[in-house]
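Heads up: the sequence shown is residues 7 to 283, going by the numbering used here.
Report on the following structure.
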Amino acid sequence: MSLSEEKLTELKEITKDLRRSILKMTHAAASGHPGGSLSAVEILTVLYFSILKYDPQNPNWQERDRMIISKGHSTPLVYSILAKAGYYRGDDLLTFRQLGSPYQGHIDRLKVPGIETSTGSLGHGTSFAVGAALGCRMDKLNNRIYLLQSDGELQEGSTWEAIMSASHYNLGNLTAILDRNRIQLDGWTEETMTLEPIAKRFEAFGWHVLEVDGHDMNQIHDAILKTHEIGPRENKPCIIIAHTVKGKGVSFMEDNVKWHGVAPNDEELKMALREIE
Ligand SMILES: Cc1ncc(C[n+]2csc(CCOP(=O)(O)OP(=O)(O)O)c2C)c(N)n1
């Protein structure tokens with residue numbers, strides 16, 4: 007069932023808040039990763055506020071869905087969304103990347119509640135998700151495993167070993183979402199190491215593939231619900247290829263590799279915040 011108009015309006019307001027927060031946090035730290043945080047805003051908003059089962063009062067609740075964020079550098083987004091989800095107040099988010107702050111540059115499950123696994127060294131998250139999916143199935147838990155992947159990490163061999171094992175073990179309880187923003191650290195993925203045809207490659211590795219506009223929250227939501235049916239029915243892991251724009255929402259950051267790991271200065275912050283309004 008699609009999102010109601012009311013729910014969609016609520017989610018859109020959340021995405022605006024998150025974009026503001028990403029910009030302010032990176033500006034305050036004078037470092038961080040705005041581009042790949044902005045591209046994944048709608049994906050994580052739909053997950054955290056209309057799909058995922060979690061209890062912020064009890065982050066280790068056994069039946070929780072497992073949300074594995076493999077692109078562990080997208081911290082300004084992740085810390086902001088966990089605050090909104092109620093894991094903590096978040097009034098200290100502007101200590102981002104300072105010594106002693108819990109909000110370090112890459113996510114650490116021992117420092118911030120709600121983080122399922124520490125990542126940042128790219129290419130680990132998919133293996134972790136496979137292990138979590140196997141473990142939850144063995145424990146007969148009534149939950150699902152969600153994985154946010156980046157396209158840059160699909161250029162790493164270990165990721166494909168994990169992708170292969172997910173179908174070998176018939177992990178119908180696993181939904182991956184690929185933030186297909188087409189840019190990694192050095193440039194366009196297709197120029198650094200060709201990934202296309204990604205959908206056919208996942209299919210060849212035994213996954214069920216769906217594709218969406220990664221900024222259209224209705225499409226994201228409906229595709230995730232489809233994976234809840236298709237995964238267990240076909241006993242297959244599912245992937246949603248979410249076509250996104252790196253730096254989405256700020257015109258001078260969009261599709262621009264420069265904004266992978268650079269913070270806005272005072273003037274750029276003002277311009278960017280005006281655009282979000
Ligand atoms: C194993 C490893 N090698 C290199 C890096 C440095 N690094 C940080 S982000 C990044 C790539 C960013 O592109 P992508 O993974 O597609 O992320 P997104 O565009 O979604 O931000 C790289 C190579 C890293 N974090 N881990």
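Every residue, glycine too, gets a C-beta built ideally from N, C-alpha and C.
All values derive from a computational prediction rather than experimental measurement.
If you draw a straight line from the C-alpha of residue i to the C-alpha of residue j, how long is it?
{"i": "Leu-99", "j": "His-112", "result": "14 Å"}
{"i": "Ser-27", "j": "Asp-97", "result": "11 Å"}
{"i": "Glu-283", "j": "Thr-21", "result": "11 Å"}
{"i": "Val-256", "j": "Asp-145", "result": "44 Å"}
{"i": "Arg-239", "j": "Leu-177", "result": "11 Å"}
{"i": "Asn-66", "j": "Tyr-152", "result": "16 Å"}
{"i": "Lys-276", "j": "Leu-160", "result": "35 Å"}
{"i": "Ala-46", "j": "Gly-267", "result": "15 Å"}
{"i": "Asn-224", "j": "Leu-58", "result": "16 Å"}
{"i": "Thr-81", "j": "Ser-164", "result": "23 Å"}
{"i": "Thr-181", "j": "Ala-89", "result": "24 Å"}
{"i": "Leu-24", "j": "Ile-87", "result": "7 Å"}
{"i": "Leu-128", "j": "Leu-9", "result": "32 Å"}
{"i": "Glu-17", "j": "Glu-11", "result": "According to the sequence displayed, residue 17 carries Leu and not Glu. Spanning the two alpha carbons is a distance of roughly 10 Å."}
{"i": "Arg-150", "j": "Ala-138", "result": "9 Å"}
{"i": "Arg-95", "j": "Thr-101", "result": "13 Å"}
{"i": "Ser-173", "j": "Phe-208", "result": "10 Å"}
{"i": "Met-170", "j": "Gly-126", "result": "22 Å"}
{"i": "Ala-91", "j": "Lys-13", "result": "15 Å"}
{"i": "Met-7", "j": "Asp-71", "result": "20 Å"}
{"i": "Ser-76", "j": "Val-84", "result": "11 Å"}
{"i": "Glu-273", "j": "Gln-155", "result": "32 Å"}
{"i": "Tyr-175", "j": "Asp-61", "result": "29 Å"}
{"i": "Leu-147", "j": "Leu-140", "result": "11 Å"}
Got a sec? Which residues, its chain only, sit under 7 Å from residue i by beta carbon, not counting five neighbours each side?
{"i": "Ala-248", "result": "Ile-49, Ile-183, Leu-184, Asp-185, Arg-186, Val-218, Gly-220 and Ile-226"}
{"i": "Ala-205", "result": "Val-215, Glu-217 and Ile-247"}
{"i": "Leu-279", "result": "Arg-26 and Leu-29"}
{"i": "Lys-117", "result": "Pro-108 and Gln-110"}
{"i": "Ala-36", "result": "Ala-269"}
{"i": "His-33", "result": "Ala-269, Pro-270 and Leu-275"}
Ignore the nearest five residues each way along the sequence and tell me which others in residue i's own chain have a CB closer than 6 Å to its CB.
{"i": "Trp-265", "result": "Pro-40, Gly-41, Gly-253 and Met-259"}
{"i": "Ile-121", "result": "Ile-113 and Arg-115"}
{"i": "Gly-237", "result": "Gly-178 and Cys-244"}
{"i": "Thr-195", "result": "Asp-157, Arg-188 and Leu-201"}
{"i": "Ser-133", "result": "Ala-168"}
{"i": "Asp-74", "result": "First, the residue type needs correcting, since residue 74 is Ile and not Asp in the sequence shown. If we look at Ile-74 and ignore the five residues flanking it on each side, its Cβ neighbours are Glu-122, Thr-123, Gly-131, Phe-134, Ala-135 and Leu-153."}
{"i": "Leu-191", "result": "His-266"}
Identify, in the order they occur along the chain, each residue of the same chain with its Cβ nearer than 8 Å to the Cβ of residue i, setting aside the five sequence neighbours on each side.
{"i": "Gly-193", "result": "Val-263"}
{"i": "Glu-281", "result": "Gly-255, Val-256 and Ser-257"}
With DSSP as the reference, identify every bridge partner of residue i, one or two as the case may be.
{"i": "Trp-67", "result": "Looking at the DSSP assignment, Trp-67 forms no beta bridge with any residue, so it has no partner."}
{"i": "Trp-194", "result": "Ile-189"}
{"i": "Thr-21", "result": "In the DSSP output, where bridge partners are listed per residue, Thr-21 has none listed."}
{"i": "Thr-15", "result": "Partner(s): none; Thr-15 has no beta bridge."}
{"i": "Ile-247", "result": "Leu-184 and Glu-217"}
{"i": "Met-259", "result": "DSSP output for Met-259 lists no bridge partner at all."}
{"i": "Arg-72", "result": "Ile-151"}
{"i": "Ser-156", "result": "Asp-185"}
Is the segment 223-234 touching the segment 39-56, taking contact as three or more C-beta pairs under 8 Å? Yes: at least three Cβ pairs fall under 8 Å.
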